[in-house]
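Q: Quick one: the structure is below, questions incoming.
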Amino acid sequence: MDFGLTDDQRDIKRTARDLLGERSRPERVRELAEAGRTDESLWRELSHLGWPGIAVSEEYGGQGLGCIELAILCEELGRALAAVPFLPTAMAAGVIELAGSPQQCERWLPGLARGEVTGALAAAEDGAAAELVIGGGEADVIVIVHEDQTARVLTPAEYELGATASIDPTRSAPSISASLDAGEDLAGDAAAGVDRALVAISSELVGVCDRALEMTVSYVKERRQFGVPVGSFQAVSHRCAQMLLETEKARSTTAFGAWAADADPERLPEAAAMAKAAASDAGREVTASAIQAHGGIGFTWEADVHWLYKRAQIDAVLLGGASRQRARLAEILAERPARMGAPQLQ
Amino acid sequence: MDLTFSEQETAFRDELRDWLADNPPEPQPTDGGEPARLAWRRDWQRRLYEGGWAAPHWPVEYGGRGATPTESAIYFEEIGRARVPTAANMLGVLLGGPTLMAWGTPEQKERYLAPILSGEEIWCQGFSEPDAGSDLAALKTRAVKSDGQWVVTGQKVWTSGAQHSKWCMLVARTDSEAEKHKGLTYFLMDMEQDAVQVRPLRQITGESEFNELFIEEATIPDANVVGGVGNGWKVALTTLMNERAGLGFALQIRLRQLLDDLIGIAAERGLLDDPLYADALAELHVRCESIRLLAWKGLTDVERYGQPGPEGSLVKWLWSDTNQRLTQLAVDIVGPEAMTSGTSWSYELLRARGNTIEGGTTEVLKNIVAERVLGLPRLKVAA
Numbered sequence: 015m016d017f018g019l020t021d022d023q024r025d026i027k028r029t030a031r032d033l034l035g036e037r038s039r040p041e042r043v044r045e046l047a048e049a050g051r052t053d054e055s056l057w058r059e060l061s062h063l064g065w066p067g068i069a070v071s072e073e074y075g076g077q078g079l080g081c082i083e084l085a086i087l088c089e090e091l092g093r094a095l096a097a098v099p100f101l102p103t104a105m106a107a108g109v110i111e112l113a114g115s116p117q118q119c120e121r122w123l124p125g126l127a128r129g130e131v132t133g134a135l136a137a138a139e140d141g142a143a144a145e146l147v148i149g150g151g152e153a154d155v156i157v158i159v160h161e162d163q164t165a166r167v168l169t170p171a172e173y174e175l176g177a178t179a180s181i182d183p184t185r186s187a188p189s190i191s192a193s194l195d196a197g198e199d200l201a202g203d204a205a206a207g208v209d210r211a212l213v214a215i216s217s218e219l220v221g222v223c224d225r226a227l228e229m230t231v232s233y234v235k236e237r238r239q240f241g242v243p244v245g246s247f248q249a250v251s252h253r254c255a256q257m258l259l260e261t262e263k264a265r266s267t268t269a270f271g272a273w274a275a276d277a278d279p280e281r282l283p284e285a286a287a288m289a290k291a292a293a294s295d296a297g298r299e300v301t302a303s304a305i306q307a308h309g310g311i312g313f314t315w316e317a318d319v320h321w322l323y324k325r326a327q328i329d330a331v332l333l334g335g336a337s338r339q340r341a342r343l344a345e346i347l348a349e350r351p352a353r354m355g356a357p358q359l360q
Numbered sequence: 120m121d122l123t124f125s126e127q128e129t130a131f132r133d134e135l136r137d138w139l140a141d142n143p144p145e146p147q148p149t150d151g152g153e154p155a156r157l158a159w160r161r162d163w164q165r166r167l168y169e170g171g172w173a174a175p176h177w178p179v180e181y182g183g184r185g186a187t188p189t190e191s192a193i194y195f196e197e198i199g200r201a202r203v204p205t206a207a208n209m210l211g212v213l214l215g216g217p218t219l220m221a222w223g224t225p226e227q228k229e230r231y232l233a234p235i236l237s238g239e240e241i242w243c244q245g246f247s248e249p250d251a252g253s254d255l256a257a258l259k260t261r262a263v264k265s266d267g268q269w270v271v272t273g274q275k276v277w278t279s280g281a282q283h284s285k286w287c288m289l290v291a292r293t294d295s296e297a298e299k300h301k302g303l304t305y306f307l308m309d310m311e312q313d314a315v316q317v318r319p320l321r322q323i324t325g326e327s328e329f330n331e332l333f334i335e336e337a338t339i340p341d342a343n344v345v346g347g348v349g350n351g352w353k354v355a356l357t358t359l360m361n362e363r364a365g366l367g368f369a370l371q372i373r374l375r376q377l378l379d380d381l382i383g384i385a386a387e388r389g390l391l392d393d394p395l396y397a398d399a400l401a402e403l404h405v406r407c408e409s410i411r412l413l414a415w416k417g418l419t420d421v422e423r424y425g426q427p428g429p430e431g432s433l434v435k436w437l438w439s440d441t442n443q444r445l446t447q448l449a450v451d452i453v454g455p456e457a458m459t460s461g462t463s464w465s466y467e468l469l470r471a472r473g474n475t476i477e478g479g480t481t482e483v484l485k486n487i488v489a490e491r492v493l494g495l496p497r498l499k500v501a502a
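Protein chains in written order, with our numbering: chain A, 15 to 360; chain B, 120 to 502.
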């Protein structure tokens, strides 16, 4: 039993943290958000480093690493609020790799892995329409998943883009609509790919929470009222402790999800639903708390806390929010015999 | 990251499971009251001892198995899973033994460790006082040296099992001039003396797990000082660190069992189809599993860095809060039975209120998290 990262995984994390600390500074994110643009030079750099293909198998031009490595990158990109289409591209690639035929994989994965092609993952709500398709504005390919877990691949000529402006301008989130027979069916079941995508979104949320907590702790240590740092008041410090608790709940369940995706696929549906339920709630609560603990400053545009709140709001509902994940969990619980406290990890 | 047990760990678990299956405890006595229950728990401790399972986390030289932190966690999970009684000398095994191993003299280890393990001598913990709860170092019980022995006067409270105990881990003030944390000394006090009076405290469940101790010129030989005069705070911290370490794994399994029971009842009554109950139960499931994951994650830190981090406070906080939510939800799912005196659900409901107070109140845990994990400044309070 070991929750630690391997040396290689720690290297990936450190490299990502350092690089994004340089390239995706708050002022850069704000500038891009205000212009409503993605960071094309950063995307080129990350693509050159092979990030988009981190979890794509080597056979299709990726690095062939696992969901844990993918989760590490998602968390760091979330922390830095990087304005790149990494998450949607990785999610689309994940579904194609698990549900696509060899020909479909051959057609799409090498480009997605190199970042030359960007993707998006859409959850169909009404026929072949979907809302809040993150990265959908720029995507070269959109995988749309239906409720029965079948999926289709759509190219830009095969769908219409709706409104693209969400509250989070660091990436596009348009609605799309297509006719039911547009595009091409993926050969297999998309469920496992969608569950891996849930873990990826949860990881991004963990990064967002981590950053929100870090900014808040550093602010309440500095900000003085009544002659003392406001962080010494328990009304404030206990709020911060609560933020940590929520973040760690999300982090531990997400780590379990990432591990299960590679090592124990049978438990992935439950693990992914737990991760997304915990991370969606944590994302909303922790970023809201960050604004509150910053006081009036937190409500200003310049304080940059709001970008985290906005990112969390979108991520929290992607592919089903906390309530929907809990409804799924209740179904899983109803179907399994009571374990009577048998160890859950194996 | 590898969330599976190694071959050695699985073998350890299977051996223990087999032993527990082959050596079930006697059924809980239905009459005879507290003395009968104690005899039953003593009997269980003796069986564990004879089977070599009383304290696998103790080093082999003291009668344990030298279990790794992971094996030790497996032990507590399995003990929780098997729904066996709490061994009569739990506090001696979990707290007293490890404290003596860290601070005791060779003579003290030789004299005390074996009877702890067998349950022959039961231990209790005399730390809290009426005016020293969360602020433990404010304790006032005094020990004065006179004719080569210590004479102790004061009052202790929340002392579990005091009425059955032979030895009390007692922290007392030996230097009233010294700074609050520095004038304390850790003693082993013989409970079998008239100068120590035990009065049970009746708790909201109606039972008495805890006691008040009234100490009026009790005597303690100098040889029963643990860790040196004036060093009591550090020794007490060793005891408290051990309090959070092992038991957590048994408690989270107990929580899991209660939740599985409740899900079973909800399923029988068709309430899993009700979105409100389904949502509440699924949320408890997420919390329950994250407690388990966080507990195991904390263990990775112990194995990698040799020390449990203060993150253990998160586990205790989340566990106690979740147990309260669970038992409250049970009232809605189970119905009036959960409010009927004498039923197990009504007991769980009432007992759970103590969870956020005992072993560190949630408020104190939040302070620990804020100060020691997040590094927030401490609010200056009167010393």
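We put the beta carbon where it would ideally sit given N, CA and C, even for glycine.
1) At the 8 Å Cβ level, is residue 288(A) part of the contact set with chain B, yes or no?
2) CA-CA distance, residue 115(A) and residue 202(A)?
3) Beta-carbon of residue 452(B) versus every beta-carbon of chain A: anything under 8 Å?
4) Whose CA, out of 459(B), 368(B), 481(B), lies closest to the CA of residue 213(B)?
5) For residue 324(A), which residues from the same chain have a beta carbon less than 7 Å from its beta carbon, with the 5 sequence-adjacent residues on both sides left out?
6) Quick one: is residue 8(A) buried, meaning 16 or more other Cβ sit within 10 Å of its Cβ, or exposed?
7) Which chain B residues sit within Cβ distance under 9 Å of residue 81(A)?
8) Can you name the residues that DSSP bridges to residue 243(B)?
9) Between residue 218(A) and the rest of its own chain, which residues show a CB-CB distance below 7 Å, the 5 nearest in sequence each way excluded?
10) Please look up how many angstroms separate the CB atoms of residue 334(B) and residue 315(B), rounded, as I've assumed it's under 8 Å.
11) Three Cβ pairs or more, each shorter than 8 Å: is that satisfied between the segment 302 to 316 of chain A and the segment 206 to 220 of chain A?
12) For a quick check, are the C-beta atoms of residue 245(A) and residue 495(B) less than 8 Å apart?
13) Are the segment 118 to 132 of chain A and the segment 59 to 68 of chain A touching, with three or more C-beta to C-beta distances below 8 Å?
14) Is the segment 226 to 237 of chain B touching the segment 161 to 170 of chain B, taking contact as three or more C-beta pairs under 8 Å?
15) Please confirm whether residue 324(B) and residue 470(B) have their CB atoms less than 8 Å apart.
16) Going by C-alpha distance, which of 336(A), 259(A), 254(A) is nearest residue 308(A)?
17) Just the Cα atoms here: how many angstroms apart are residue 409(B) and residue 271(B)?
18) Less than 8 Å between the C-beta atoms of residue 222(B) and residue 286(B), yes or no?
19) Touch check for the segment 233 to 249 of chain A and the segment 467 to 481 of chain B: three-plus C-beta pairs under 8 Å?
20) What does the Cβ neighbour count give for residue 17(A), buried or exposed, with the cut at 16 atoms within 10 Å?
21) At 4 residues or longer, and completely inside the segment 15 to 92 of chain A: list those alpha helix (DSSP H) runs for me, N to C.
22) For residue 272(A), which residues in the same chain have their Cβ closer than 6 Å to its Cβ, ignoring the five residues on either side in sequence?
23) Let me check understanding here. Comparing Cα to Cα, which of 338(B), 301(B), 419(B), 138(B) lies closest to residue 352(B)?
24) Rounded C-beta distance between residue 346(A) and residue 283(A)? I'm assuming under 8 Å.
25) Are the C-beta atoms of residue 198(B) and some chain A residue less than 8 Å apart?
26) What residue does the beta strand (DSSP E) around residue 309(B) start on, and which one ends it?
27) For the beta strand (DSSP E) that contains residue 133(A), what are its first and last residues?
28) Per the contact definition of three or more C-beta pairs closer than 8 Å, is the segment 400 to 420 of chain B in contact with the segment 258 to 270 of chain A?
29) DSSP three-state label for residue 476(B), please.
30) Run through chain B and tell me which residues come within less than 9 Å of residue 267(A), C-beta to C-beta.
31) What are the boundary residues of the beta strand (DSSP E) that residue 135(B) is part of?
32) Thinking residue 210(B) and residue 244(B) are a contact (beta carbons under 8 Å), I'd like their distance in whole angstroms, please.
33) Drop a sphere of 10 angstroms on the beta-carbon of residue 312(B), count the other beta-carbons inside from all chains shown, and report buried for 16 or more, exposed for fewer.
34) Could you check the C-alpha separation between residue 357(A) and residue 376(B) for me, to the nearest Å?
35) Tell me which residue opens and which closes the beta strand (DSSP E) that residue 508(B) is part of.
36) At the 8 Å Cβ level, is residue 18(A) part of the contact set with chain B, yes or no?
A: In terms of the structure at hand:
1) Chain B contact via Cβ: present.
2) Rounded to whole angstroms, residue 115(A) to residue 202(A) spans 7 Å at the Cα level.
3) Not closer than 8 Å to any Cβ of chain A, the Cβ of residue 452(B) fails to qualify, so no.
4) By alpha-carbon distance to residue 213(B), the top candidate from 459(B), 368(B), 481(B) is 368(B).
5) Hits under 7 Å: 181, 182.
6) Since the displayed chain A opens at 15 and closes at 360, residue 8(A) lies outside it and no answer follows.
7) Chain order gives no chain B residues near residue 81(A), where near means a beta carbon separation below 9 Å; the closest approach is about 10 Å.
8) DSSP lists 287(B) as partners of residue 243(B).
9) Within the same chain, Cβ atoms closer than 7 Å to the Cβ of residue 218(A) are found at 88, 89, 91, 92, 101, 329, the five residues on either side in sequence being excluded.
10) About 6 Å separates the two Cβ atoms, so the contact holds.
11) Taking a contact to require three or more Cβ pairs closer than 8 Å, the segment 302 to 316 of chain A and the segment 206 to 220 of chain A do not qualify as touching.
12) Contact: yes.
13) The answer is yes - the segment 59 to 68 of chain A touches the segment 118 to 132 of chain A, with three or more Cβ pairs under 8 Å.
14) Touching, yes, given that three or more Cβ pairs across the two stretches are closer than 8 Å.
15) Less than 8 Å separates the beta-carbon of residue 324(B) from that of residue 470(B).
16) Looking at the Cα atoms, 254(A) is the closest of the given residues.
17) Going from the Cα of residue 409(B) to the Cα of residue 271(B) covers about 45 Å.
18) The answer is no: Cβ separation not under 8 Å.
19) Judged by Cβ distances under 8 Å, the segment 233 to 249 of chain A makes no contact with the segment 467 to 481 of chain B, as fewer than three pairs qualify.
20) By the neighbour-count rule (16 or more Cβ atoms within 10 Å), residue 17(A) is buried.
21) Taking only runs of at least 4 residues, the alpha helix (DSSP H) segments lying wholly in the segment 15 to 92 of chain A are 21 to 37, 40 to 49, 54 to 62.
22) Contacts found: 81, 82, 85, 213.
23) The residue with the shortest Cα to Cα distance from residue 352(B) is 301(B).
24) Confirmed, about 7 Å.
25) False, the Cβ-Cβ gap to chain A never drops below 8 Å.
26) For residue 309(B), the enclosing beta strand (DSSP E) covers residues 303 to 309.
27) Here the beta strand (DSSP E) through residue 133(A) covers 133 to 137.
28) Cβ pair count under 8 Å is three or more, so yes.
29) Residue 476(B): coil per DSSP, three-state reduction.
30) By Cβ distance, chain B contributes 405, 408, 409, 412.
31) Going by DSSP, residue 135(B) is part of no beta strand (DSSP E) but of the alpha helix (DSSP H) stretching over 126 to 141.
32) Their Cβ separation, rounded to whole angstroms, is 6 Å, which keeps residue 210(B) and residue 244(B) in contact under 8 Å.
33) Within 10 angstroms of the beta-carbon of residue 312(B) lie fewer than 16 other beta-carbons, which makes it exposed.
34) Unreliable placement is indicated for residue 357(A), whose pLDDT of 38 sits below 50; the coordinate value is still reported in the next sentence. Those two C-alpha atoms are separated by around 11 Å.
35) Chain B is shown only over 120 to 502; residue 508(B) falls outside these bounds and no answer can be derived.
36) The C-beta of residue 18(A) comes closer than 8 Å to at least one C-beta of chain B.
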